[in-house]
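Presented below is the structure to which this report refers.
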Amino acid sequence: MKELDRFMEITKATYNDTMKQWKEGGGRIVGYFCTNVPEELVMAAGMLPYRLRAPESRDTSEADRYTTYLNCTYCRHVVDDALLGNYDFLDGFVGSNGCDQMRRVSDIFRAVQFKEPAEKDEFFLEYVGAPRVPMDEASLAYYKDEIIRMKEQLETFFEVEITEEKLKEAIREVNESRRLLHELYALRKAEQPPITGAEALSVTVAYTCMPKDLFNQEMKSLLEALGDRKAAPDHKKRLFLYGSELDDPDWIKVIEDQGALVVADGSCFGGRMFWDYVDESGDPMEALAKRYHERWSCPRMCDRVRRQDKIKEMVRDWNADGIVGERIVFCQLWGSEKVMTNLEAQDTGTPTLWLEREYLLGGTGQIKTRVQAFLESME
Ligand code: SF4
3 MKELDRFMEI
13 TKATYNDTMK
23 QWKEGGGRIV
33 GYFCTNVPEE
43 LVMAAGMLPY
53 RLRAPESRDT
63 SEADRYTTYL
73 NCTYCRHVVD
83 DALLGNYDFL
93 DGFVGSNGCD
103 QMRRVSDIFR
113 AVQFKEPAEK
123 DEFFLEYVGA
133 PRVPMDEASL
143 AYYKDEIIRM
153 KEQLETFFEV
163 EITEEKLKEA
173 IREVNESRRL
183 LHELYALRKA
193 EQPPITGAEA
203 LSVTVAYTCM
213 PKDLFNQEMK
223 SLLEALGDRK
233 AAPDHKKRLF
243 LYGSELDDPD
253 WIKVIEDQGA
263 LVVADGSCFG
273 GRMFWDYVDE
283 SGDPMEALAK
293 RYHERWSCPR
303 MCDRVRRQDK
313 IKEMVRDWNA
323 DGIVGERIVF
333 CQLWGSEKVM
343 TNLEAQDTGT
353 PTLWLEREYL
363 LGGTGQIKTR
373 VQAFLESME
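Numbering (our numbering), first residue to last: 3 to 381.
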């Protein structure tokens, strides 16, 4: 399908053509790493938010001067691309404490010459500290102060004004993207979903690196074109995918090629990223803080019970036969989540398989063997 090929093409590029057109049109691009950074603020400042990825990276020899082999390879490949100048299209970067390794990446970006000396003062560097206790007034107030400072820093550095109206408009546009993605995910509840898990990931990843108005247009064309498509008529088992920064559709394709179909996910570049809406009534900054702080959380948050309930809800509502979890090697957060999810799976009886991986696709032989055994065990 040309609509899906389009999203896949965008997902495979570090600097895709929609971003080039935006820059050529005089637009600015501000990068972020963790989804604790509210992209609506960047949009309300008239800029394009871009979530840092390294799909074209092939090694980390540059990054290895600042990181160790004990660091997760997502962070290492992003640092490597930065040092090689592959993000030179950025006008700024907003870091956050998504995890200790991400926080360290922000420190590296602050310490290392991100731009030519002459341009250093033209590069916007900010940081949003995100608390770890949701549903708590004090931590919500702290987080709100953090994003208010981000807003003010954006306005001062780029000499722009983020009015309430511009922010409300940005919130409406991103909510529209979320609504369209929910519509796509709802189609995957069907007995014969019109889209595979790999294809769905290409769509959600594209959401992080395109202007939202363009993304929404292309999403509407995709939803129309899907019609009564049956993406994997011969699939044997339906799976719920759970895990961290997976942004490569080919990784999911290896699993689906064994006869499974990923029908929903709680991934960092998937469901968890767009699931929750920003309330469009009332104070937009308050609503923004509440949405980002209380959304479907990741293991950095002290929020285990809500996450456990969300997994059960997703498995039930998308009628999944089992759970596939993925974790990047040396990721502490998802290491603990793996243990807890496995323990719950024993209680619920939901077949669960966890796979360790690196940021770049590899070890496909082992993945195939383990998934085949997992599917057989469910037979
Ligand atoms: S995979 Fe883990 S260690 Fe790497 S950035 Fe994500 S949370 Fe941090």
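Each residue gets a CB set at the ideal place from its N, CA and C atoms; glycine is no exception.
{"Check": "Please report how far the alpha carbon of Thr206 lies from the alpha carbon of Tyr68, in whole angstroms.", "Outcome": "31 Å"}
{"Check": "9 Å is my cut-off, CB to CB: does Met212 come that close to chain C?", "Outcome": "The structure shown has no chain C; it contains just one protein chain."}
{"Check": "Assuming the contact rule is C-beta atoms closer than 8 Å, Met10 and Ser223 should be a hit. Round their C-beta distance to whole Å, please.", "Outcome": "The Cβ separation is near 15 Å, so there is no contact."}
{"Check": "So Tyr361 and Thr75 are supposed to be a Cβ contact under 8 Å. How far apart are they, rounded?", "Outcome": "4 Å"}
{"Check": "Can the beta-carbon of Lys340 be found less than 9 Å from the beta-carbon of Trp356?", "Outcome": "yes"}
{"Check": "Can you list, in chain order, the residues of its chain whose CB lies under 6 Å from that of Glu178, leaving out five sequence neighbours each side?", "Outcome": "Asn218"}
{"Check": "Pull up the CB-CB distance for Phe95 and Leu127, whole angstroms please, since I reckon it's below 8 Å.", "Outcome": "6 Å"}
{"Check": "Can you give me the C-alpha to C-alpha distance between Ile330 and Pro251, rounded to a whole angstrom?", "Outcome": "15 Å"}
{"Check": "Smallest Cα separation from Tyr187: which of Leu243, Thr165, Phe332?", "Outcome": "Leu243"}
{"Check": "Gly261: which of Glu381, Asp102, Ile31, Thr20 sits nearest, CA to CA?", "Outcome": "Glu381"}
{"Check": "Assign Trp356 to one of three DSSP states: helix, strand, or coil.", "Outcome": "strand"}
{"Check": "Gly94 bridges to which residues according to DSSP?", "Outcome": "Val32, Phe126"}
{"Check": "Go through its chain and collect everything with a Cβ distance to Glu221's Cβ below 6 Å, but skip five positions before and after it.", "Outcome": "Reading the sequence as shown, one finds Met at residue 221 and not Glu. Here the set comprises Leu182."}
{"Check": "With the cut-off set at 9 Å, would you say Trp320 and Arg190 are in Cβ contact?", "Outcome": "yes"}
{"Check": "Using the C-alpha atoms, what's the distance from Ala234 back to Val256?", "Outcome": "14 Å"}
{"Check": "What is the rounded straight-line gap between the Cα of Glu42 and the Cα of Ser269?", "Outcome": "21 Å"}
{"Check": "Return the chain-ordered ranges of every alpha helix (DSSP H) run that is complete within the stretch 181 to 208 and spans a minimum of 4 residues.", "Outcome": "199 to 208"}
{"Check": "Decide if Ile71 is buried, meaning its Cβ has at least 16 other Cβ atoms within 10 Å, or exposed.", "Outcome": "Going by the sequence as given, residue 71 is Tyr instead of Ile. Counting Cβ neighbours within 10 Å, Tyr71 comes out exposed, since fewer than 16 surround it."}
{"Check": "Between the alpha carbons of Ser63 and Ala56, how many angstroms are there, rounded?", "Outcome": "14 Å"}
{"Check": "How is the alpha helix (DSSP H) around Phe111 delimited, first residue to last?", "Outcome": "102 to 113"}
{"Check": "With DSSP as the reference, label Pro286 as helix, strand or coil.", "Outcome": "helix"}
{"Check": "Which of helix, strand or coil does DSSP assign to Lys239?", "Outcome": "strand"}
{"Check": "Excluding five sequence neighbours on each side, which residues of the same chain lie with their C-beta closer than 7 Å to the C-beta of Leu142?", "Outcome": "Ala291, Lys292, His295"}
{"Check": "For the ligand SF4, I want to know if Tyr76 counts as a neighbour, meaning its beta carbon is within less than 8 Å of at least one of the ligand's heavy atoms.", "Outcome": "yes"}
{"Check": "So, under 8 Å CB-CB, Leu241 and Ala322 are touching, yes? Tell me the CB distance rounded to an integer number of Å.", "Outcome": "6 Å"}
{"Check": "Assign Asp147 to one of two classes, buried (16 or more other C-beta atoms within 10 Å of its C-beta) or exposed (fewer than that).", "Outcome": "exposed"}
{"Check": "How do the stretch 85 to 104 and the stretch 131 to 139 stand: do at least 3 beta-carbon pairs fall below 8 Å, yes or no?", "Outcome": "yes"}
{"Check": "Check this for me: beta carbons of Cys211 and Thr352, under 9 Å apart or not?", "Outcome": "no"}
{"Check": "So Arg309 is in the alpha helix (DSSP H); what residue range does that whole segment cover?", "Outcome": "306 to 319"}
{"Check": "Using the C-alpha atoms, what's the distance from Leu228 back to Pro196?", "Outcome": "6 Å"}
{"Check": "Output the residue ranges of the alpha helix (DSSP H) runs that lie fully inside the stretch 63 to 88 and measure 4 residues or longer, sorted by chain position.", "Outcome": "75 to 85"}
{"Check": "So, with DSSP's three-state summary, where would you put Glu328?", "Outcome": "strand"}
{"Check": "For the ligand SF4, I want to know if Met275 counts as a neighbour, meaning its beta carbon is within less than 8 Å of at least one of the ligand's heavy atoms.", "Outcome": "no"}
{"Check": "Give me whichever residues DSSP pairs with Tyr244 in a beta bridge.", "Outcome": "Gly268, Gly327"}
{"Check": "Whole angstroms is fine: what's the gap from Leu246's alpha carbon to Phe271's?", "Outcome": "According to the sequence as given, residue 246 is Ser; it is not Leu. Approximately 8 Å, taken between the alpha carbons."}
{"Check": "In angstroms, rounded to a whole number, what distance separates the CA positions of Gly28 and Gly48?", "Outcome": "11 Å"}
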